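Scroll down for the structure; my scribbles are underneath it.
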Amino acid sequence: MNPAPQISPRFTRYSEAELPTEYGIFKVVVYREAETGAEHCAMVKGDIRGAHDVLTRVHSECLTGEVFHSLKCDCREQLDMGFRRIAERGVGVVLYLRQEGRGIGLGNKIHAYDLQSRGADTVDANTMLGFEPDLRSYGIATKMLDDLGVASVVLMTNNPAKVDALVDDGVKVTRRENHHAPPNENNRHYLETKRARMGHHLDHLEDDGRHDLVELDAE
Numbered sequence: 012m013n014p015a016p017q018i019s020p021r022f023t024r025y026s027e028a029e030l031p032t033e034y035g036i037f038k039v040v041v042y043r044e045a046e047t048g049a050e051h052c053a054m055v056k057g058d059i060r061g062a063h064d065v066l067t068r069v070h071s072e073c074l075t076g077e078v079f080h081s082l083k084c085d086c087r088e089q090l091d092m093g094f095r096r097i098a099e100r101g102v103g104v105v106l107y108l109r110q111e112g113r114g115i116g117l118g119n120k121i122h123a124y125d126l127q128s129r130g131a132d133t134v135d136a137n138t139m140l141g142f143e144p145d146l147r148s149y150g151i152a153t154k155m156l157d158d159l160g161v162a163s164v165v166l167m168t169n170n171p172a173k174v175d176a177l178v179d180d181g182v183k184v185t186r187r188e189n190h191h192a193p194p195n196e197n198n199r200h201y202l203e204t205k206r207a208r209m210g211h212h213l214d215h216l217e218d219d220g221r222h223d224l225v226e227l228d229a230e
């Protein structure tokens, strides 16, 4: 096995292989953080090196939604939608980041769920536990995109803070595309809170729109 190429002193491109999925063949590239041992994945479809306007989903891990099929969030639907849209386009990348519970970890996320069952919303539950509403950062995603040679991205997200963080870190985001999954009776309040208190673009809660394009102002 060849030594893993080091991207930075604390970040390594560790391994890669082709992976057959329900959405066709992707190349999975694993990146490892030296300090924490956390492993993040890039799921790459087609040739993205040097490519512009690469359809991109920066997605944070959600064990409860993606593995246990929880109905409290829309994470699984958003992940599946990202893969499906990239497969339809033929070129794109999903960056899967190990940031469970918007960065507070699985155990604390379940504590937050317990508080939500007693009436707290998703923002208040985090703050009651002593955390910011969203602890995530996206420097790792920037390093991954740089290593993969992506020139610019079309970002599938409803989260304006994610766009701002990537742009501030030097990623060229050509435009944002809404990434709306249909709400259900268990997650509607959660989504409404993200729209009202975290500024997420979730107008589909009224009109059920899906993939509207939003051009970003030129920097």
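Under this note's numbering, the sequence shown has 117 at position 106, and the numbering climbs by one with no breaks. Just so you know, even glycine gets a beta-carbon here, dropped at the ideal spot from N, CA and C. All of these numbers come straight from a predicted model, not from anything done at the bench.
Looking only at DSSP bridge pairs, what is residue i linked to?
i	result
Ser19	Phe22
Arg43	Thr23, Glu50
His70	Tyr107
Phe288	A question about residue 288 goes unanswered here, because the residues of the chain that appear run from 12 up to 230.
Lys83	DSSP lists no partner for Lys83.
Lys56	Gly103
Val65	Val164
Using a threshold of 7 Å, state whether the C-beta atoms of residue i and residue j are closer than that.
i	j	result
Val3	Ile59	Nothing in the structure corresponds to residue 3, since the chain is present only between 12 and 230.
Asn170	His211	yes
Leu146	Gly114	yes
His190	Thr204	no
Ala53	Val134	no
Val182	Leu159	no
Glu50	Val41	yes
Cys84	Asn198	yes
Gly57	Val102	yes
Tell me whether residue i sits in a helix, a strand or coil according to DSSP, three-state version.
i	result
Pro171	helix
Tyr201	helix
Glu99	helix
Ser148	coil
Arg208	helix
Ala176	helix
Arg221	Note that Arg221 has pLDDT 44, beneath the 50 cutoff, so the model's placement of it is unreliable and no number is given.
If residue i sits next to residue j, beta carbons under 8 Å apart, how far is it from one beta carbon to the other, in whole angstroms?
i	j	result
Leu90	Glu99	The Cβ separation is near 15 Å, so there is no contact.
Ser163	Leu108	The pair is not a contact, with the Cβ atoms about 20 Å apart (cut-off 8 Å).
Phe21	Glu46	A quick correction: the sequence has Arg, not Phe, at residue 21. With 8 Å as the limit, Arg21 and Glu46 qualify as a contact, their Cβ atoms being about 6 Å apart.
For the 8 Å Cβ check, are there 3 or more pairs between the stretch 148 to 162 and the stretch 60 to 67? Enough Cβ pairs lie closer than 8 Å, so yes.
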